[in-house]
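**Q** To start, I am sharing the structure in question, which I have written as structure tokens.
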Amino acid sequence: MLSKELLKEISLPALLLDLDAFDENCKNIAGKANGKTIRIATKSIRSVSLLRRILQSNQVFKGLMAFTPQESIFLSEKGFDDILLGYPCWDMDALIKIAKINQTEKKIILMVDSHEHIDHLQRIALKTEGTFYLCIDVDMSTTFANLHFGVRRSPLNHEEAVLQLAKKIKQSTKLELIGMMGYEAQIAGVGDFMPSQYLKNTFISYLKKKSIPEVAARRTKAIKKLMNEGIRLSIVNGGGTGSLHTTTLEDCITEVTVGSGFYSPLLFDYYQSFSYKPSLFFALPIVRKPAPNIYTCLGGGYIASGATGKDKVPKPVYPIGGKLIPLEGAGEVQTPVYFEDTTLKIGDAIVFRAAKAGEICERFKEIICISNQQIVCRFDTYRGEGACFL
Ligand SMILES: Cc1ncc(COP(=O)(O)O)c(C=O)c1O
């Protein structure tokens with residue numbers, strides 16, 4: 001998608017989207033829905049125009065999973081509906097606004113996993129005379145020997161605890177239970193095809209295989225328990241990009257969340273069961289040449305979140321053959337890149353990929369879309385719209 005000539009037209013640093021690859025990813029992801037709908041994880045996109053583009057590309061894409069209350073309000077004001085806030089929130093101002101939005105025809109569904117969350121929402125609902133729609137987050141992590149495989153989020157790891165919380169919600173006239181979510185991060189967000197890590201890959205694949213049926217059983221048991229008590233839910237959400245092929249197999253699931261697969265950042269190169277096309281890149285200008293083989297760029301220190309490690313660092317991908325220098329890595333304002341090739345010049349661009357999907361959008365105001373070696377449009381990121389949530 002990239003050529004030296006095209007990069008010369010662009011003011012650098014810049015965030016670039018291969019629109020053809022992005023559209024192909026939308027098609028491939030939609031093709032794996034297996035009769036479920038797909039909710040878009042907005043944290044992994046962070047551009048209103050691109051969220052709209054995904055939703056318009058296929059009817060299986062339905063609803064958004066937002067990451068902060070302020071963001072869900074912003075998205076609702078932009079015209080989106082069916083917004084599931086994927087993480088609990090406590091912010092009084094935002095919750096008051098959400099209660100008001102819920103009085104219109106739009107819906108923002110809040111995530112809860114504790115009695116404290118429910119008491120807090122109940123107090124605000126009474127004060128504002130509003131309604132909150134709720135989704136219960138069930139822990140999907142699994143334990144093998146002493147190893148905790150999964151994320152530390154919800155404490156609800158048994159159907160009885162889920163039922164108790166559901167009953168408490170049902171007692172309130174101001175709260176309406178709509179859904180249950182169980183995010184199996186250890187399957188959806190952990191690669192099992194890392195380069196030169198045969199033993200680790202084998203161990204992770206083994207844990208994933210053991211974990212998948214446990215996750216399915218826990219979700220099913222929780223739903224059955226609720227149904228036995230006459231509690232029916234319209235949303236049963238699970239999974240992420242990395243578990244689309246397993247989560248969609250479960251009968252009790254109504255929808256799967258997907259975000260990262262659309263941009264397919266570096267960390268999503270390392271899964272055995274699927275591959276999408278890398279679509280999001282950033283280009284930095286070479287501004288110095290401290291040695292014949294070293295080209296120093298402006299910017300580049302866009303390290304991804306999560307457990308710190310080499311896998312969170314961006315990778316130079318164009319021209320081919322670039323390597324970061326271990327003692328400097330990707331720097332706050334300067335990133336040196338080593339090339340065998342000594343013919344690059346100051347002013348040329350080096351193109352990188354980030355380790356994770358949406359975070360890189362916080363560093364740029366616009367996404368320059370490229371198709372057939374040409375710039376075809378420019379979309380604002382959240383930042384470009386003056387919005388900054390996390
Ligand atoms: C609750 C929840 N659901 C789904 C996902 C999957 O998102 P993605 O497809 O971007 O990996 C995440 C990612 O962290 C998440 O936190």
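Under the numbering used here, think of the first position of the sequence shown as 1, with each following residue one higher. Cβ coordinates follow ideal geometry from the N, Cα and C atoms, glycine included. All of these numbers come straight from a predicted model, not from anything done at the bench.
1) Is it true that the CB of residue 348 sits closer than 8 Å to the CB of residue 294?
2) Taking the runs of the beta strand (DSSP E) that are 3 residues or longer, which of them lie wholly in the segment 20-86?
3) Take residue 258 as the anchor and find which of 363, 32 and 16 has the nearest alpha-carbon.
4) Based on the DSSP secondary-structure assignment, which residues constitute the bridge partners of residue 315?
5) Go through the segment 92-165 residue by residue and report every complete run of the beta strand (DSSP E) that reaches 3 residues or more, in order.
6) Should residue 400 go down as buried or exposed, given a rule of 16 or more other Cβ atoms within 10 Å for buried?
7) Quick one: does the C-beta of residue 257 sit closer than 7 Å to a heavy atom of ligand 1?
8) Are the beta-carbon atoms of residue 165 and residue 133 separated by less than 8 Å?
9) Residue 46 and residue 358 - do their beta-carbons sit closer together than 8 Å?
10) Which stretch, first to last residue, makes up the alpha helix (DSSP H) that contains residue 205?
11) Less than 7 Å between the CB of residue 65 and some heavy atom of ligand 2, yes or no?
12) If we ignore side chains and look at the alpha-carbon of each, how far apart do residue 156 and residue 148 end up?
13) Just verifying my parser: in three-state terms, what is the DSSP assignment at residue 380?
14) Quick check: is any heavy atom of ligand 1 less than 7 Å from the C-beta of residue 347?
15) Taking 6 Å as the limit between beta carbons, can you name the residues of its chain near residue 56, skipping five residues before and five after?
16) Does the Cβ of residue 117 have 16 or more other Cβ atoms within 10 Å, making it buried, or fewer, making it exposed?
17) Does the beta-carbon distance from residue 150 to residue 271 come in below 8 Å?
18) Specify, as a first and last residue, the run of the alpha helix (DSSP H) that residue 389 falls within.
19) Is it true that the CB of residue 322 sits closer than 8 Å to the CB of residue 301?
20) Roughly how far, in whole angstroms, is the beta-carbon of residue 215 from the beta-carbon of residue 143, given that I think they are within contact range, below 8 Å?
21) In this structure, how does DSSP classify residue 374 when only helix, strand and coil are distinguished?
22) Go ahead and label residue 105 buried or exposed: buried means 16 or more other beta carbons lie within 10 angstroms of its beta carbon, across all protein chains shown.
23) Between the C-alpha atoms of residue 246 and residue 209, what's the straight-line distance to the nearest angstrom?
24) What's the gap between the Cα of residue 350 and the Cα of residue 283?
25) For ligand 1, any of its heavy atoms closer than 7 Å to the Cβ of residue 271?
26) In terms of residue numbering, what span does the alpha helix (DSSP H) encompassing residue 277 cover?
27) Roughly how many angstroms lie between the CA atoms of residue 275 and residue 298, to the nearest whole one?
28) Where do the ends of the beta strand (DSSP E) carrying residue 308 lie?
29) Helix or strand or just coil, what does DSSP make of residue 348?
30) Rounded to the nearest angstrom, how far is the Cβ of residue 183 from that of residue 242, given a contact under 8 Å?
31) Could you check whether the Cβ of residue 183 sits closer than 7 Å to any heavy atom belonging to ligand 1?
32) Less than 8 Å between the beta carbons of residue 60 and residue 38, yes or no?
33) Are residue 36 and residue 256 touching if we call contact CB-CB under 8 Å?
34) Just tell me which of 120, 113 and 114 has its CA closest to the CA of residue 96.
35) Per DSSP, residue 14 forms a beta bridge with which residues?
36) Can you tell me whether DSSP reads residue 294 as helix, strand or coil?
**A** By the coordinates alone:
1) no
2) 37-41, 61-66 and 83-85
3) Of 363, 32 and 16, the residue nearest in Cα terms is 32.
4) Residue 315 is bridged to 353.
5) The qualifying runs are 108-112, 132-137, 142-144 and 147-149.
6) This structure cannot speak to residue 400, because the chain is shown only from 1 to 390.
7) yes
8) no
9) yes
10) From DSSP, the alpha helix (DSSP H) with residue 205 extends over 198-228.
11) You won't find ligand 2 in this model; what it holds is ligand 1.
12) 15 Å
13) Per DSSP, reduced to three states, the secondary structure at residue 380 is strand.
14) no
15) none
16) buried
17) No Cβ-Cβ contact shorter than 8 Å links residue 150 with residue 271.
18) Premise fails: residue 389 is in no alpha helix (DSSP H) and is neither H nor E.
19) Cβ distance not < 8 Å, so residue 301 and residue 322 don't count as in contact.
20) The Cβ separation is near 12 Å, so there is no contact.
21) strand
22) exposed
23) Taking the straight line from one Cα to the other gives about 10 Å.
24) Looking at the backbone, the Cα of residue 350 and that of residue 283 are separated by about 6 Å.
25) no
26) Careful: residue 277 lies outside any alpha helix (DSSP H) and carries neither H nor E.
27) 31 Å
28) First-last for residue 308: undefined, no H or E at that position.
29) coil
30) Wrong, their Cβ atoms sit about 11 Å apart, outside the cutoff.
31) yes
32) yes
33) yes
34) 120
35) DSSP, once it has assigned bridges, lists 283 as partnering residue 14.
36) Residue 294 falls in the strand class under three-state DSSP.
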